[in-house]
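For the sequence shown, this note's numbering gives the first residue as 14, with consecutive numbering after it.
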Amino acid sequence: MTPTASRDLLRPLSVGPVVIDPPLILAPMAGYTNHPFRLLCREQGAGLVCTEFVSSHGLTRRMKNTWVIVDVQDDERPVSAQIFGADPAVMADAARLLEDTGVDLIDINMGCWVPKVSRTGAGAALLRSPESASAVMRAVVNAVSVPVTVKIRMGWTGQHLTGIDIARLAEAAGIRLITIHARPATRGLEGSADWDYIARLKQSVSILVVGNGDVKQPEDALRMFQHTGCDGVMIGRAALGNPWIFRRCLSYLQTGDPGPEPDGAARRAMAARHYRLALAEGEEAVVVREMRAHLAHYLKGFPGAAALRDRLMHLTSADAVLDALQANTLP
Numbered sequence: 014m015t016p017t018a019s020r021d022l023l024r025p026l027s028v029g030p031v032v033i034d035p036p037l038i039l040a041p042m043a044g045y046t047n048h049p050f051r052l053l054c055r056e057q058g059a060g061l062v063c064t065e066f067v068s069s070h071g072l073t074r075r076m077k078n079t080w081v082i083v084d085v086q087d088d089e090r091p092v093s094a095q096i097f098g099a100d101p102a103v104m105a106d107a108a109r110l111l112e113d114t115g116v117d118l119i120d121i122n123m124g125c126w127v128p129k130v131s132r133t134g135a136g137a138a139l140l141r142s143p144e145s146a147s148a149v150m151r152a153v154v155n156a157v158s159v160p161v162t163v164k165i166r167m168g169w170t171g172q173h174l175t176g177i178d179i180a181r182l183a184e185a186a187g188i189r190l191i192t193i194h195a196r197p198a199t200r201g202l203e204g205s206a207d208w209d210y211i212a213r214l215k216q217s218v219s220i221l222v223v224g225n226g227d228v229k230q231p232e233d234a235l236r237m238f239q240h241t242g243c244d245g246v247m248i249g250r251a252a253l254g255n256p257w258i259f260r261r262c263l264s265y266l267q268t269g270d271p272g273p274e275p276d277g278a279a280r281r282a283m284a285a286r287h288y289r290l291a292l293a294e295g296e297e298a299v300v301v302r303e304m305r306a307h308l309a310h311y312l313k314g315f316p317g318a319a320a321l322r323d324r325l326m327h328l329t330s331a332d333a334v335l336d337a338l339q340a341n342t343l344p
C-alpha cells in the first residue's frame, strides 16, 4: 500500500462534536489507564484515551475510590469514561453524573469477562441477553447529550456469537461508535483475535466501528485497517510500558516507516516521567505500589532491564526508584 493510500485510513472520526484524530485509541485497562498514563499516550499520538472502567453503582453511591478513576483533565482530551452495570436506571443515573463532569464520551462496557463483573450480569455477560443489552444502551443514550459508545466482544462463547446482533441493536439505540474485541468472552485473552469477525460486523452496521485485538506492532495496525475495513484501531496491552506505539503506528501509516524502537535510555526516561506525574497526583505509598506494574512493562527489551526491574520491585520510596531509573549505569 502506498503512503497516500495508508493516509486515507487515518481519516479523523467524528463522534458527534468529538473528533478522534488520528483514529488510534488507547483501550480502557483496569489498573493502568489512569490520568498520567493517558496523558503520555495522548502526547505520543493517541487520538482518544479511555479511563479505567468504573461501576455505575460506585458512581451513583458517590464512592470516592470510584470517582477518582474518572477524574479527567483538560490536558488529555478527548477522553472517554467507561462504565459498567446491568441495571438500566442505575446506568442512566451514572451517565448523567459523568456528563456533569465534562467527559467527552461515555462508553458502555460489554466486554469485560472477569467474574467480578460478569457474575453481576454486567460487562460481557450482557452479550448473553441482547434484550438486556439493548435496554442498557437505550437508557444511557436517552439520559445524556454527550455521545455514547460501546465496547463489546464477539459473544459470550465461541458457540454463541451475538456480537453482530448486539451491534445492530447498538445502532438502533443511538450508539455512535462500537468497539469490537475480536474474541469471545470465555476466551479471555487466549488464542488469536478473529479479524474476519470484525470485518463482518463492520459490514453489518453503518455506525463507526473500531477494531481491537492483537495489534502489537505498527504493521499490525495497518493490517487490521486493511483486513477489516474498520474506522479506527484500539490498542491495549501493547501500549503498556510503550506509549510510543501510537506515534510509531501513525508514522508507519503515514510514511511506511515506524521509526526506531525506543532504547533503554528512552524507556527509563519515560518511566521516570510517568512516575513523577503519578507522584503529583497520589500518595507516595500508593504510587510506589501501583507503579510497579507499569515499571515491569517499561523495563524490558534492553541490556540490564531484568536486573533493574527486579531491583525496583523491592524499593519502597519514590526517591529510591527515581534515583535508580536515572542512574548513569545499570545495576
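Each residue gets a CB set at the ideal place from its N, CA and C atoms; glycine is no exception.
Assigned secondary structure, residue i (DSSP; H/G/I helix, E/B strand, else coil)
i      : result
ASN78  : helix
PHE66  : coil
GLN86  : coil
SER93  : strand
LYS129 : helix
ASN155 : helix
VAL163 : strand
ILE188 : coil
SER264 : helix
THR199 : helix
VAL149 : helix
LEU23  : coil
VAL31  : strand
THR175 : coil
Buried or exposed (CB count within 10 angstroms, at least 16 for buried), residue i
i      : result
ALA185 : exposed
LYS164 : buried
LYS77  : exposed
ASN122 : buried
HIS327 : exposed
SER216 : As written in the sequence, residue 216 is Gln, which differs from the Ser given in the question. Classification for GLN216: exposed.
SER131 : buried
PRO273 : exposed
ASN155 : exposed
ASP244 : buried
THR342 : Because THR342 carries a pLDDT of 45, less than 50, the predicted location of this residue cannot be relied on, and the following value inherits that uncertainty. Exposed.
GLN339 : exposed
ASP209 : exposed
PRO91  : buried
ASP336 : exposed
PRO16  : Low confidence applies here, because PRO16 scores a pLDDT of 48, under 50, leaving its location unreliable; read the following figure in that light. Exposed, by the Cβ-count rule.
CB-CB length for residue i against residue j, believed under 8 Å
i      : j      : result
CYS262 : ALA234 : 4 Å
GLY29  : PRO160 : 4 Å
ASP178 : ALA206 : Not confirmed; about 20 Å, so no contact.
PHE66  : ALA43  : 6 Å
LEU221 : LEU53  : Contact doesn't hold; Cβ gap of about 25 Å is too wide.
PHE351 : ARG280 : Residue 351 is absent from the model: the chain starts at 14 and stops at 344.
ILE191 : THR162 : 7 Å
VAL153 : ALA105 : 6 Å
Residue i: CB within 7 Å of a non-hydrogen atom of the ligand MN
i     : result
VAL67 : Looking at this structure, you won't find the ligand MN or any other ligand, since it has none at all.
Hey, is the stretch 67-84 in contact with the stretch 30-37, meaning 3+ C-beta pairs nearer than 8 Å? Counting Cβ pairs under 8 Å, fewer than three are found: no touch.
Would you check if the stretch 83-95 and the stretch 141-152 touch, i.e. whether three or more CB-CB distances between them fall below 8 Å? Per the Cβ contact rule, the stretch 141-152 is not in contact with the stretch 83-95 (fewer than 3 Cβ pairs under 8 Å).
Complete runs of the beta strand (DSSP E) confined to the stretch 219-256 [at least 3 residues]: Counting whole runs of 3 or more residues, the stretch 219-256 contains the beta strand (DSSP E) stretches 221-225 and 245-248.
Quick check: the stretch 269-283 against the stretch 291-308, are at least 3 beta-carbon pairs closer than 8 Å? In the pairwise beta carbon analysis, the stretch 291-308 is classified as not touching the stretch 269-283: fewer than three pairs are separated by under 8 Å.
For the stretch 294-340, which segments carrying the alpha helix (DSSP H) assignment without a break, of at least 4 residues, lie completely within its bounds, in sequence order? Listed in chain order, the complete alpha helix (DSSP H) runs (minimum 4 residues) inside the stretch 294-340 are 297-311, 318-325 and 331-339.
contact_flag[the stretch 226-242, the stretch 38-48] where n(CB pairs < 8 Å) is 3 or more: Too few Cβ pairs lie closer than 8 Å, so no.
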